[in-house]
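In our numbering, the protein residues as written are 129 to 229.
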């Protein structure tokens, strides 16, 4: 499931990423919701340039709420640290694949 979700989100990003940056998605790829929609969005200035991805202005109140998944380039360190914390949470709380939380 997680790999399929990544294939529908950040793995579509074929452009060389800036040094020290990773593409990150929300909802998390490790959840059922992650990558499960084709309604992709990003924020102006996030440097994510993907086909069929809506670029939103964070100062426009009309964009909230906007259902779908968000993609953005973030620091590699923050992305990997966050992924580690999320994995720890799933293990600590015995979250099983497909389980609600």
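The beta carbon of each residue, even a glycine, is placed where N, CA and C say it ideally should be.
Reduced DSSP category for residue i - H, G, I as helix; E, B as strand; rest coil
i	result
residue 169	strand
residue 174	coil
residue 220	helix
residue 161	coil
Where residue i falls, given that 16 or more other Cβ within 10 Å makes a residue buried
i	result
residue 148	exposed
residue 152	buried
residue 200	buried
Beta carbon proximity, residue i to chain B, threshold 9 Å
i	result
residue 174	Looking at the structure shown, chain B is missing, and only one protein chain is on hand.
Per DSSP, cross-strand counterpart(s) of residue i
i	result
residue 151	201
residue 214	Note: residue 214 sits in no beta bridge, so no partner.
Residue range of the unbroken alpha helix (DSSP H) whose run includes residue i
i	result
residue 130	130-135
Residue range of the unbroken beta strand (DSSP E) whose run includes residue i
i	result
residue 140	Counting along the chain, residue 140 falls outside any beta strand (DSSP E), and DSSP gives it neither H nor E.
Supposed close pair residue i, residue j - CB separation, criterion 8 Å
i	j	result
residue 222	residue 196	The pair is not a contact, with the Cβ atoms about 30 Å apart (cut-off 8 Å).
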